[in-house]
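Asks: Take the sequence shown: its position 33, counted from the start at 1, is 380 in the working numbering, and no numbers get skipped. Beta carbons are placed, not taken as given, at the ideal position from N, Cα and C, and that holds for glycine. Please read all numbers here as calculations on a predicted model, not as lab measurements.
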Amino acid sequence: MLRFMPVGDSMTIGSAGEHTWRYRLWQHLRDTYGGPFALVGPRETLYDKATDAPTSYEYADADPAFPRAHLAGWGEGWGHMAPLIGDAVRECRADVLLVSLGLIDLGFYTDAEQTAENVRAFVAAARQANARVRMVVLPVIPNVRAEADPPFAAQVTLFNELLAKTIADLDEPRSPLLLASPPPMYDIHSDTYDGTHPNTSGEHKIAATFADAMHQAWGFGHPYAAGTS
Numbered sequence: 348m349l350r351f352m353p354v355g356d357s358m359t360i361g362s363a364g365e366h367t368w369r370y371r372l373w374q375h376l377r378d379t380y381g382g383p384f385a386l387v388g389p390r391e392t393l394y395d396k397a398t399d400a401p402t403s404y405e406y407a408d409a410d411p412a413f414p415r416a417h418l419a420g421w422g423e424g425w426g427h428m429a430p431l432i433g434d435a436v437r438e439c440r441a442d443v444l445l446v447s448l449g450l451i452d453l454g455f456y457t458d459a460e461q462t463a464e465n466v467r468a469f470v471a472a473a474r475q476a477n478a479r480v481r482m483v484v485l486p487v488i489p490n491v492r493a494e495a496d497p498p499f500a501a502q503v504t505l506f507n508e509l510l511a512k513t514i515a516d517l518d519e520p521r522s523p524l525l526l527a528s529p530p531p532m533y534d535i536h537s538d539t540y541d542g543t544h545p546n547t548s549g550e551h552k553i554a555a556t557f558a559d560a561m562h563q564a565w566g567f568g569h570p571y572a573a574g575t576s
């Protein structure tokens with residue numbers, strides 16, 4: 348049983364009424380992986396905008412087979428997840444971490460250099476819990492603030508450069524780190540509903556980025572086909 352743990356911020360937890368990219372990836376792996384697997388994590392809910400709390404179970408698809416588990420939070424970033432990831436990996440026996448973080452950090456908490464240090468702390472804690480854990484990390488992808496705020500856009504660019512260097516520095520054969528490519532042709536005007544959070548097409552593109560990275564690097568499943576997942 349291979350256990351995948353989605354780790355992320357608001358784009359990963361999703362909000363009430365959404366499928367989430369986690370669901371799209373689960374569908375894809377269900378159809379192509381060819382072996383037993385699960386999505387794991389200490390949380391299951393979506394964010395409820397009406398109550399401003401992660402309390403909703405109103406996923407757009409009610410398929411009871413979908414494992415809703417994750418470690419994601421609205422407004423949470425690398426700095427929030429670094430202290431949590433060790434216990435989450437240990438308790439959920441995660442084998443592969445699918446990580447999408449950074450936008451919240453840069454927007455509200457830490458600069459690019461500090462955020463990169465939190466990436467290092469996150470990786471160290473995950474490996475302390477499972478010395479053979481694999482990680483696929485998504486850089487900060489296009490968003491409306493970066494389009495409208497040049498200093499913030501510069502921080503995003505710098506962080507993504509530091510992230511690539513950090514992943515290269517920390518990669519090792521027994522616990523490989525993989526930097527995913529940004530979703531190709533990702534357009535904040537057509538792939539999000541507010542300039543940041545993915546809509547249906549955005550969910551597919553983020554899921555495809557993780558799926559294709561794992562297929563190309565490790566031979567997991569097959570290339571993602573959005574029209575059939």
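Three or more beta-carbon pairs under 8 Å between the stretch 377-384 and the stretch 565-573, yes or no?
Replies: The stretch 377-384, when compared against the stretch 565-573, does touch it at the 8 Å Cβ threshold.
Asks: For threonine 539 and leucine 524, what's the separation of their Cα atoms in angstroms?
Replies: The alpha-carbon atoms of threonine 539 and leucine 524 are separated by roughly 28 Å.
Asks: Between which residues of its own chain and isoleucine 514 is the CB-CB distance below 7 Å, once the five residues before and five after are set aside?
Replies: Excluding sequence neighbours, isoleucine 514 sits near Val484, Leu524 and Leu526.
Asks: Report the residue ranges of all alpha helix (DSSP H) runs contained in full by the stretch 470-512; include only those spanning at least 4 residues, in chain order.
Replies: Here the runs fully enclosed are 491-495.
Asks: Roughly how many whole angstroms lie between the Cα atoms of arginine 481 and phenylalanine 455?
Replies: Rounded to the nearest angstrom, the two C-alpha atoms are 28 Å apart.
Asks: How many angstroms separate the CA atom of tyrosine 533 from the CA atom of proline 486?
Replies: Cα to Cα, the separation comes out at about 13 Å.
Asks: In the structure shown, what three-state DSSP assignment does threonine 359 receive?
Replies: Correct three-state label for threonine 359: helix.
Asks: Please list, in chain order, all residues of the same chain as glycine 388 whose beta carbon is under 7 Å from its beta carbon, the five residues on each side excluded.
Replies: Answer for glycine 388: Met352, Pro353, Ala416, His417, Leu418, Ala435 and Cys439, listed in chain order.
Asks: Evaluate tryptophan 565 with the Cβ neighbour count: other Cβ atoms within 10 Å of its Cβ, from every protein chain shown; 16 or more gives buried, anything less gives exposed.
Replies: The residue in question, tryptophan 565, is exposed, as its Cβ has fewer than 16 Cβ neighbours within 10 Å.
Asks: Can you tell me the Cα-Cα spacing of glutamine 475 and glycine 433, whole angstroms?
Replies: Taking the straight line joining both Cα atoms gives about 7 Å.
Asks: What residue range is occupied by the uninterrupted alpha helix (DSSP H) comprising threonine 379?
Replies: That run of the alpha helix (DSSP H) goes 368-379.
Asks: Check whether the Cβ atoms of glycine 422 and glycine 449 sit closer than 9 Å, and answer yes or no.
Replies: No, Cβ-Cβ distance for glycine 422 and glycine 449 is not below 9 Å.
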